[in-house]
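Protein chains in written order, with our numbering: chain A, 1084 to 1381; chain B, 1084 to 1381.
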């Protein structure tokens, strides 16, 4: 399998395991692998991670959205997490042999089909957004299902990109494309949380720091240390090593040593080959040079 | 596939493609993947790289040795590269989910079977060696096929670990286990080859430098630069980053900047996760955190 797309659909059901089972089952097909599945009862939401061949993924996610529309009723849904649909958000992520443009095209085709065949309003977001204000998920989800239901027919700002200008019990679905997100934390040997907060402010894009980096400073009370917690939203723009080194320099300027760092969850191989290339001054390191890719990836 | 062994058998045929085809075909089976295949006419030798499930690999390599014994006649073989057998050397390399001990046991089982069923003398080498002087391949291959033929029956030093104390047209085979070898070069921005030679002498194990590192200094004449060319024979002992940084420090002490480095051929994923862990002060980075491994490796 040399072309791989990841997708992390969020469904508005986090309590009834049999309902989530049914949705996952609908998405299970040849060419698609379910990598992870998380249910949150308080959020009343589940997050499924799938990856596979782009064509198979497109079909699988369509089936998942169709299944969720059958088994979830937004009028009866309560949970802490904001949502507008039974299938709430569907981000496609290029992993290997696939460009961002392919994922955008995939989001557009799927969105059109969901609108047409399932009669569900669809909004395109992030890199797939067709209106600049829709790049941001929060703005699409403003007021959640209940507000959208009132506004969708009359407010032109809320007109969907595909599908009807009315909303049923399945709500509306946000579909899009974005780079792989790496959750990356650096722990600092101090109990002064202000150090972590100050450094977070400096490194994050919002403060004019590293592009495609979000950062917050936290206290890890039980360990008596602090943490700069980052989301690297595009490791091709700012990679893990650059993030680490920037935090390290800032910490050392404050007389605080870096204790350790951690990658939370998954990391794409390309982020590691890129890191090795930077650390070793390699002009390039191709993922196909990795033994395991020779074995599995071709 | 969560357990992977690599094997790089060397066969004494590098001219007749149909003969090599037949041997490769004999090794082709479920659970085994042929990663690479190189024929050298001057050496009259071919090097095949395979990887897969340990059990399948054991059977596949046995079939390859049997096929080579049928189609190669050492009495008619001429080539520049030293050799003692139709199947000359068979190193097993642990890649993932397999310990060195497993590869040693595999080499021993296969060696016993080759001796018993194919009537071919077998010597165990490197980590699988049963006599300390047989760790070194060169000492086993001393005098090549022609000398061994004379000595095997009478010289107790040349008694095989398995199989008969006599040698037929298939010669003898050396089987063993060793860590993955990473070929790694660092290029320096000077045309003074003595700098590369001096640094090579310092970093290599032989000179009391980095353990499990072999190194030579070369001139890259066409580019007007020099190269420290290394073999990292066990990246768990000395990893790529350590090798790079040691060369870099030595070069800078001589006022010479590092231009770039290169990994020649394949590198196991674990060498990259280890590199990332060192560069980022990660307590650990598990290969199963790599997206591609989630997809293919389980």
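Cβ atoms here follow ideal geometry from the backbone N, Cα and C, with glycine treated the same way. The model shown is predicted, which means the values in this text are computed figures rather than measured ones.
- Short of 6 Å from the beta carbon of residue 1151/A, and not among the five residues preceding or following it, lie these beta carbons of its own chain, in chain order: 1094, 1106, 1169 and 1170.
- Here residue 1340/B is exposed. Its C-beta has fewer than 16 other C-beta atoms within 10 Å.
- Straight through space, the alpha carbons of residue 1138/B and residue 1194/B are spaced by roughly 14 Å.
- Contact of residue 1344/A with chain B is assigned, a C-beta pair being separated by under 8 Å.
- Using beta-carbon distances, residue 1376/A counts as an interface residue toward chain B, with a partner under 8 Å.
- Residue 1128/B is bridged by DSSP to 1123/B.
- Burial check for residue 1236/B: the Cβ neighbour count within 10 Å stays below 16, so the residue is exposed.
- The three-state reading of DSSP puts residue 1263/A in coil, since its state is none of H, G, I, E or B.
- Residue 1140/B places its beta carbon less than 8 Å from that of residue 1133/B.
- Distance from the CA of residue 1322/A to the CA of residue 1166/B, rounded to the nearest whole angstrom, comes to 47 Å.
- Per DSSP, reduced to three states, the secondary structure at residue 1355/B is helical.
- Its Cα nearest to that of residue 1113/B, the residue 1144/B stands out among 1144/B, 1231/B, 1119/B and 1176/B.
- The beta carbon of residue 1260/B does not come within 8 Å of any beta carbon belonging to chain A, so the residue lies off that interface.
- Around the C-beta of residue 1221/A, fewer than 16 other C-beta atoms lie within 10 Å, and the residue is accordingly described as exposed.
- Contacts with chain B (Cβ-Cβ distance below 7 Å) from the segment 1189-1223 of chain A involve no residue at all.
- Counting along the chain, no beta strand (DSSP E) covers residue 1216/B, and no H or E run does either.
- In this chain, the alpha helix (DSSP H) harbouring residue 1285/A covers 1276-1286.
- Residue contact check for residue 1175/B against chain A: no CB pair falls below 8 Å.
- The segment 1132-1205 of chain B is shown to contain whole alpha helix (DSSP H) runs of 4 or more residues at 1137-1154 and 1183-1201, in chain order.
- The C-alpha of residue 1316/A is placed about 17 Å away from the C-alpha of residue 1300/A.
- Against chain B, the beta carbon of residue 1087/A has neighbours under 7 Å at 1378, listed in chain order.
- Taken through DSSP and simplified to helix, strand or coil, residue 1094/A comes out as strand.
- Only exposed fits residue 1192/B, as fewer than 16 other CB atoms lie within 10 angstroms of its CB.
- The Cβ of residue 1264/A sits no closer than 8 Å to any Cβ of chain B.
- Residues of the segment 1344-1363 of chain B with a Cβ closer than 8 Å to any Cβ of chain A, in chain order: 1344, 1345, 1346, 1348, 1349, 1350, 1351, 1352, 1355, 1356, 1358, 1359, 1362 and 1363.
- For residue 1162/B and residue 1092/B, the gap between their C-alpha atoms comes out near 17 Å.
- Rounded to whole angstroms, residue 1262/A and residue 1358/B show a C-alpha spacing of 24 Å.
- The Cβ atoms of residue 1203/B and residue 1246/B lie closer than 8 Å to each other.
- Its Cα nearest to that of residue 1099/B, the residue 1154/B stands out among 1154/B, 1149/B and 1119/B.
- Three or more beta-carbon pairs separated by less than 8 Å link the segment 1302-1310 of chain B to the segment 1262-1282 of chain B, which places the two stretches in contact.
- Residue pairing by DSSP places residue 1087/A opposite 1179/A in a beta bridge.
- Taking 8 Å as the cut-off between beta carbons, none of the residues of the segment 1281-1304 of chain A comes near chain B.
- In the three-state reduction of the DSSP assignment, residue 1304/A falls in the helix class, which pools H, G and I.
- In this structure, the beta-carbon distance from residue 1110/A to residue 1146/A falls below 8 Å.
- By the Cβ test, the segment 1172-1180 of chain B is not in contact with the segment 1229-1243 of chain B, since fewer than three Cβ pairs between them sit closer than 8 Å.
- Assignment of residue 1101/A by DSSP, reduced to helix, strand and coil, places it in the helix class.
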